[in-house]
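Below: one structure, written as structure tokens.
Numbering (this note's numbering), first residue to last: -15 to 97.
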């Protein structure tokens, strides 16, 4: 079984928001999915670009209070997915990508329209 760890530090106005450590365990590294989000910060459409999305997955958007703001089903093989954040309040959100092989999360910042 392989284990990968990632860490990112996010800053706003030179204050550290939080440092997050995300771990992923997988018996088959071919099932690992890389993804990136842009633009970040966002004020409208948030793009999610996938690399190697081999199984159907779920994207959940979680606010800092831990409440699920939105949820999306993403089909296997999708390379790009767009999320309209226009109705979201300004602030920090978590984007959680999960399927039977992984559970990855990242943060994004929604700014005023």
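Just so it is clear, CB atoms sit at the ideal spot from N, CA and C, and this is done for glycine as well.
Per DSSP, the unbroken beta strand (DSSP E) holding residue 45 starts and ends at 41 to 47.
Your pair residue 19 and residue 46 does not check out as a contact, with CB atoms roughly 16 Å apart and the cut at 8 Å.
For residue 53, the enclosing beta strand (DSSP E) covers residues 52 to 58. Cβ atoms of residue 61 and residue 37 come within 8 Å of each other, at about 6 Å. Between the C-alpha atoms of residue 39 and residue 83 there is a straight-line separation of about 7 Å.
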